[in-house]
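Undergrad:
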Amino acid sequence: MNKTGKLLSVMLAASLAVLPACGNKDESGTKAAENDTKPDTVKVWTYPVHQKYEDDIKELIADFNKTHPHITVQYEMLSWAEGPKKFDVALNAGDPPDLYFHAVSGQYVNTGLALQLDKYMTKEIKDDYLPGALELGQIQGKQYGLPIYQYQWTWGGNKRILEEAGIDWKKIQEKGWTFSEFREAAKKLTKKLPDGTTQYGLVTDGTSLDFIQMVTRNAGLVDPLDKDGKFIWNDEKTLKSLQFIQGMIKDGVMPKETAALAPAKRTEMFYASQAAIISKAIPYYDVLIQNRNKDIDAGKVKGEKIDFVVLPVPHLEGQTAKTTSGGEGYVAFKQKNDKGEQHAKNTFLVMEALSGAKAGNSANELCLPFVRKSQTKAFEGKGLAKPENKKAAELFQKSIATPVDPVLDVEKSAKLKQFNEQVVKPNFQALLAGEKTPEQVAEDFKNKGKQMFGN
Amino acid sequence: MPAITAKPKQPRSFGQFWRDYGSAYLFILAPVMLFLTFTLYPVVSAFFMSFQKYNVLQSKWIGFANYKHMFSDEIFWKSIKNTVLFTIGTVPVNIIITFVLAFLIFQMKSSWQTFFKASLYLPSVASGVTISLVWLAIFDPTSAGLMNKFLDLFGLEPIIWLGQSNKALFSLMLMTYLGSHGSGIILYLAAMGGIPKSLYEAADIDHASGWTKFTRITWPLLKPTTLYLLVTGVITSFQVFISVYLMTQGGPNFATTTIAYLIYETAFVFYDFGLASAQSFVLAGMIIIISIIQFKFFSTDIEY
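The listed protein sequences correspond, in order, to chains A and B.
Residues in the first sequence are numbered from 1 upward in steps of one, following my numbering.
Residues in the second sequence are numbered from 456 upward in steps of one, following my numbering.
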């Protein structure tokens with residue numbers, strides 16, 4: 001046999017040796033997918049959702065590991081201030097954690113790294129969710145997150161100040177109030193205090209979009225875009241919302257320095273009884289303020305004890321009162337260097353463990369509606385909010401406005417974010433600072449909306 | 456007599472080269488690797504990214520679209536305007552303040568010089584984040600804020616420092632006037648110490664006034680230090696970010712949106728890394744051009 005022949009024989013023999021190994025590798029890959037006891041690690045980034053959430057998560061992980069000892073759950077508690085930026089960097093570097101605590105977002109889906117959960121959702125899991133709850137974790141009908149509670153944005157009042165001014169807060173909790181009813185009430189709540197400071201009818205921060213979003217949602221405008229992606233902040237209702245906001249500054253019921261007030265300052269003013277009502281407030285403030293009152297009794301904190309009442313956001317005359325609501329929970333991701341199907345399955349198992357019946361303690365602590373039937377059952381009779389606030393929160397949940405972002409296509413969702421950050425926020429700040437009139441702001445919304453969304 | 460011929464150069468072996476220079480190259484290997492990994496590679500990547508619509512899994516080549524979008528964006532031009540205003544409002548003023556402080560300190564006894572050098576240098580040691588958070592409290596818009604309490608002493612109304620478009624940028628400039636002179640003072644003092652006393656003695660013989668000595672001796676001979684502070688001051692002010700991020704987030708109504716903050720917002724709020732890269736290169740180009748102009752016009756040497 002010549003040299004070429006020998007070489008060909010060797011190559012043939014080598015390929016015969018390699019091919020079965022490839023075949024074997026395939027079989028072993030299949031076996032690996034079926035074999036669910038291979039050690040794996042699932043990374044979770046979360047936030048201090050409530051004061052005791054770290055204890056909750058440790059307990060949930062411990063329970064999970066009793067049935068899945070081969071899956072290590074590594075969690076990291078991020079700070080609210082810096083966590084979002086840390087996650088954004090990790091996501092855009094292609095290495096997000098497997099689970100991240102947040103509302104679902106079109107931007108996450110756009111990266112191609114958000115894990116679609118539909119194929120992992122069993123019938124039992126789907127049936128356990130209360131009507132409408134699962135949709136809070138969907139983007140365009142596809143499941144990307146499992147909510148563990150439905151948040152609620154409301155306003156919050158100091159009961160003593162409201163009652164001294166003759167405001168029937170119980171009736172307001174039940175029936176709501178219009179823009180003009182609120183302005184009248186706020187004038188009664190605003191006065192000079194003996195120490196020379198001012199007690200304002202309403203205090204809000206001027207650094208976020210929450211306030212203008214709550215007001216416009218109560219004027220019949222769910223967001224700058226409707227669920228079909230059509231720009232709707234171009235009519236009379238937008239102008240009336242802006243006039244309502246500016247009117248409160250002109251009346252003096254909101255501080256003229258609102259544009260520069262941070263959320264912490266707003267809370268400080270509420271605790272110092274310099275604010276009768278604050279925006280935004282969440283039902284959890286009821287628990288936080290009760291704890292603060294206990295600290296005052298124990299001498300740990302100085303200040304006046306406050307009786308907190310949750311209040312609805314006023315609505316435009318002729319419109320229905322709406323409570324801004326949405327879902328927050330865990331969103332699942334894969335990485336640029338995909339760890340495979342089994343890892344994705346394990347990630348979902350951890351996600352379900354962190355979102356199940358026991359995880360309902362988050363909704364319970366936050367005094368928010370549960371999202372699952374098993375949670376409602378597990379925490380029946382264990383509510384922490386005062387009865388009037390609990391009743392009010394349940395009533396508010398009957399008429400909610402959820403952000404449209406999850407139902408929009410990814411491109412529209414990104415443009416909406418840009419509109420909010422680069423058109424709404426600067427104009428809102430200019431309105432609060434008295435640098436622009438409501439008419440000018442409404443005109444700018446109209447023009448920029450047309451430019452960006454084409455209608 | 457045999458002609459003297461040059462000895463032919465023996466080719467050096469690698470072994471010999473390594474013995475002579477190997478340790479030097481080893482010493483510079485680490486910083487060169489750091490430079491290549493953390494400076495050159497990111498700059499080259501960012502350059503290519505500026506021509507792409509970035510996506511973490513699959514970016515798309517879009518040519519000059521990012522640059523076209525940037526130059527037609529009014530917010531970009533607003534950020535350039537704010538950055539230039541901030542630079543003009545801080546760099547010359549801070550150089551003057553730094554020089555005056557250094558000049559005053561230079562006249563003192565050495566023990567007092569040491570004390571003032573240390574005290575004025577301390578703010579440079581504190582982190583920008585800490586300083587920004589403290590100034591946020593100082594600029595509290597209510598009457599409880601320190602600046603407003605100071606105004607109240609003179610019967611003036613409180614000012615919403617960071618909440619009004621016509622005051623927010625000035626508030627950020629004010630921060631720099633009151634705290635960023637330490638390193639400049641050290642440099643000026645060292646330069647002043649290097650001016651030969653014989654020049655002043657010669658001026659005294661000619662009955663030169665203090666002003667003449669200052670304008671004809673002190674200031675010209677401090678030109679290299681002034682040029683250095685001018686160039687580094689412009690580079691630093693063009694990259695102002697921490698105070699904007701922590702105190703105003705670019706507002707109110709884009710009044711404090713600087714180019715560096717816009718780059719951050721484009722990348723980390725809107726996830727548009729391609730556009731942010733394009734903006735970064737424009738910023739870098741502007742800084743290079745301004746630095747060249749400064750060196751061309753201000754770098755002539757003075758010799759006596």
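Yeah, the Cβ is synthetic: ideal placement off N, Cα and C, and Gly gets one too.
1. Are any of the Cβ atoms in chain B nearer than 8 angstroms to that of threonine 238 of chain A?
2. Checking contacts by CB at 8 angstroms: is proline 547 of chain B closer than that to chain A?
3. Residues bridged to glycine 156 of chain A by DSSP?
4. Leaving out five residues before and five after leucine 162 of chain A in sequence, what residues of the same chain have Cβ atoms less than 6 angstroms from its Cβ?
5. Kindly indicate which three-state DSSP category isoleucine 517 of chain B falls into: helix, strand or coil?
6. Could you name the residues of the same chain whose beta carbon sits closer than 6 angstroms to that of glutamine 440 of chain A, not counting the 5 residues immediately before and after it, in chain order?
7. Check for me: the alpha helix (DSSP H) holding threonine 545 of chain B runs from which residue to which?
8. Determine which residues share a DSSP beta bridge with glutamine 143 of chain A and list them.
9. Where does leucine 405 of chain B sit, in a helix, a strand or coil, going by DSSP?
10. Is the Cβ of isoleucine 697 of chain B closer than 8 angstroms to any Cβ of chain A?
11. Short of 6 angstroms in beta carbon distance, which residues of its chain neighbour alanine 90 of chain A, apart from the five on each side in sequence? Order them along the chain.
12. Where in the stretch 640-714 of chain B do unbroken runs of the alpha helix (DSSP H), each at least 4 residues long, occur, reported from the N-terminal end onward?
13. Please report how far the alpha carbon of alanine 275 of chain A lies from the alpha carbon of tyrosine 200 of chain A, in whole angstroms.
14. Residues of chain A with a CB under 7 angstroms from the CB of valine 724 of chain B: which are they?
15. Anything in chain B within Cβ reach of aspartate 88 of chain A, meaning under 7 angstroms, just list it in chain order.
16. Under 8 angstroms, Cβ to Cβ, is there at least one residue of chain A near proline 497 of chain B?
17. Taking a cut of 8 angstroms between CB atoms, which residues from the stretch 686-715 of chain B lie near chain A?
18. Is there at least one Cβ from chain B nearer than 8 angstroms to alanine 259 of chain A's Cβ?
19. Applying the criterion that 16 or more other CB atoms from any shown protein chain within 10 Å of the CB defines a buried residue, is proline 426 of chain A buried or exposed?
20. In chain A, what lies closer than 7 angstroms to serine 514 of chain B by C-beta?
21. Helix, strand or coil: which one does DSSP assign to tryptophan 590 of chain B?
22. For lysine 400 of chain A, write down the residues that DSSP places opposite it in a beta bridge.
23. Should tryptophan 80 of chain A be labelled buried (16 or more other beta-carbon atoms within 10 Å of its own) or exposed?
24. Measuring alpha carbon to alpha carbon, tell me which of A:Phe453, A:Gln422, A:Ala442 and A:Glu435 ends up nearest aspartate 528 of chain B.
25. Glycine 470 of chain B lies in the alpha helix (DSSP H); which residues open and close that run?
26. Taking the alpha carbon of aspartate 195 of chain A as the reference point, which residue from A:Lys345, A:Ser273 and A:Glu317 has its own alpha carbon closest?
27. Would you please state the rounded distance, in angstroms, between the beta carbons of threonine 207 of chain A and glutamine 704 of chain B? I believe it to be under 8 angstroms.
28. Looking at the structure shown, is methionine 462 of chain A part of a helix, part of a strand, or coil, going by DSSP?
29. Alpha carbon to alpha carbon, how far is leucine 738 of chain B from asparagine 233 of chain A? Give it in angstroms, no decimals.
30. Is the separation between the beta-carbon of isoleucine 71 of chain A and that of valine 44 of chain A shorter than 8 angstroms?
31. What's the gap between the Cα of threonine 691 of chain B and the Cα of isoleucine 550 of chain B?
32. Would you mind giving the Cβ-Cβ distance between phenylalanine 728 of chain B and methionine 504 of chain B, rounded to the nearest angstrom? I have them listed as a contact below 8 angstroms.
33. Taking all protein chains shown into account, decide if tyrosine 496 of chain B is buried (16 or more other Cβ within 10 angstroms of its Cβ) or exposed.
34. Shortest alpha-carbon distance to isoleucine 718 of chain B belongs to which of B:Ile535, B:Val589 and B:Ile517?
35. First and last residue of the alpha helix (DSSP H) that includes leucine 91 of chain A?
36. Could you work out which residue in A:Asn364, A:Ala385, A:Glu388 and A:Phe87 is closest to lysine 377 of chain A when comparing CA atoms only?
TA: Taking the definition as stated:
1. Taking the first sequence and counting its residues from 1, the one referred to as residue 238 of chain A is at position 238. False, the Cβ-Cβ gap to chain B never drops below 8 angstroms.
2. As a first step, residue 547 of chain B is located in the second sequence; it is residue number 92 there, counting from the start. No, no contact with chain A.
3. In the first sequence, counting from the first residue as 1, residue 156 of chain A sits at position 156. For glycine 156 of chain A, which the question treats as bridged, DSSP gives the partners A:Ile278 and A:Val310.
4. Residue numbering aside, residue 162 of chain A sits at position 162 when the first sequence is read from its first letter. So the list reads Trp169, once near-sequence residues are dropped.
5. What you label residue 517 of chain B is simply residue 62 of the second sequence in a count that begins at 1. Note: isoleucine 517 of chain B maps to coil in three-state DSSP.
6. Indexing the first sequence from 1 puts residue 440 of chain A at position 440. Counting only Cβ-Cβ distances below 6 angstroms, and skipping sequence neighbours, we find nothing.
7. In the second sequence, residue 545 of chain B corresponds to position 90, counting from 1. Segment 529-561, the alpha helix (DSSP H) holding threonine 545 of chain B.
8. Position 143 of the first sequence, counted from the first residue, corresponds to residue 143 of chain A. In the DSSP output, where bridge partners are listed per residue, glutamine 143 of chain A has A:Gln138.
9. Within the shown structure, residues of chain B are numbered from 456 to 759, placing residue 405 of chain B beyond reach of any answer.
10. Position 242 of the second sequence, counting from 1, holds the residue named residue 697 of chain B. No - not a single Cβ of chain A is within 8 angstroms of the one on isoleucine 697 of chain B.
11. In the first sequence, counting from the first residue as 1, residue 90 of chain A sits at position 90. Correct list, in chain order: Pro96.
12. 652-660, 665-668 and 678-693
13. By 1-based counting over the first sequence, the position of residue 275 of chain A is 275. By 1-based counting over the first sequence, the position of residue 200 of chain A is 200. If I take the Cα positions, the gap works out to 5 angstroms.
14. Position 269 of the second sequence, counted from the start, is the residue given in the question as residue 724 of chain B. Under the 7 angstroms cutoff, chain A gives Glu421.
15. Stepping through the first sequence from its first residue, residue 88 of chain A is reached at position 88. Phe723, listed in chain order.
16. Position 42 of the second sequence holds residue 497 of chain B. No, proline 497 of chain B lies away from the interface with chain A (no Cβ there is under 8 angstroms from its Cβ).
17. Gln704, Gly706, Pro707, Asn708 and Phe709
18. Numbered from 1 along the first sequence, position 259 holds the residue referred to as residue 259 of chain A. It does; some Cβ of chain B falls within 8 angstroms.
19. Here residue 426 of chain A corresponds to residue number 426 of the first sequence, with the count starting at 1. Per the 10 Å Cβ criterion, buried.
20. Along the second sequence, read from residue 1 onward, the residue named residue 514 of chain B stands at position 59. Residues of chain A passing the Cβ test: none, with the nearest at roughly 11 angstroms.
21. Counting from one through the second sequence, the residue named residue 590 of chain B turns up at place 135. In this structure, tryptophan 590 of chain B counts as helix in the three-state DSSP scheme.
22. Here residue 400 of chain A is taken as the residue at index 400 of the first sequence, counted from 1. Note that residue 400 of chain A corresponds to isoleucine in the displayed sequence, not to lysine. Note: isoleucine 400 of chain A sits in a beta bridge opposite A:Thr323.
23. What you label residue 80 of chain A is simply residue 80 of the first sequence in a count that begins at 1. It is exposed - the Cβ of tryptophan 80 of chain A has fewer than 16 other Cβ atoms within 10 Å.
24. Along the second sequence, read from residue 1 onward, the residue named residue 528 of chain B stands at position 73. When each option's Cα is compared against that of aspartate 528 of chain B, the closest is A:Gln422.
25. Here residue 470 of chain B corresponds to residue number 15 of the second sequence, with the count starting at 1. Residues 469-490.
26. Residue 195 of chain A sits at position 195 when you count from the first residue of the first sequence. The option with the nearest alpha carbon to aspartate 195 of chain A is A:Ser273.
27. Taking the first sequence and counting its residues from 1, the one referred to as residue 207 of chain A is at position 207. Taking the second sequence and counting its residues from 1, the one referred to as residue 704 of chain B is at position 249. With 8 angstroms as the limit, threonine 207 of chain A and glutamine 704 of chain B qualify as a contact, their Cβ atoms being about 7 angstroms apart.
28. Residue 462 of chain A lies beyond the residue range present for chain A, which begins at 1 and ends at 455; the question has no answer from this structure.
29. Position 233 of the first sequence holds residue 233 of chain A. Position 283 of the second sequence holds residue 738 of chain B. Strictly speaking, residue 233 of chain A in this sequence is tryptophan, with asparagine absent from that position. The straight-line gap from Cα to Cα measures roughly 35 angstroms.
30. The residue labelled residue 71 of chain A in the question sits at position 71 within the first sequence. The residue labelled residue 44 of chain A in the question sits at position 44 within the first sequence. Not closer than 8 angstroms, so no.
31. As a first step, residue 691 of chain B is located in the second sequence; it is residue number 236 there, counting from the start. As a first step, residue 550 of chain B is located in the second sequence; it is residue number 95 there, counting from the start. Rounded to whole angstroms, threonine 691 of chain B to isoleucine 550 of chain B spans 13 angstroms at the Cα level.
32. Here the question's residue 728 of chain B lines up with position 273 in the second sequence. Here the question's residue 504 of chain B lines up with position 49 in the second sequence. Going by Cβ atoms, the distance from phenylalanine 728 of chain B to methionine 504 of chain B rounds to 6 angstroms, so yes, they are a contact pair.
33. On the second sequence, position 41 is the one that residue 496 of chain B refers to. Tyrosine 496 of chain B should be labelled exposed.
34. As a position in the second sequence, residue 718 of chain B is number 263, starting the count at 1. Isoleucine 718 of chain B has its Cα closest to that of B:Ile535, out of B:Ile535, B:Val589 and B:Ile517.
35. Position 91 of the first sequence, counted from the first residue, corresponds to residue 91 of chain A. First-last of the alpha helix (DSSP H) with leucine 91 of chain A: 83-92.
36. Numbered from 1 along the first sequence, position 377 holds the residue referred to as residue 377 of chain A. Closest option to lysine 377 of chain A, Cα to Cα, is A:Asn364.
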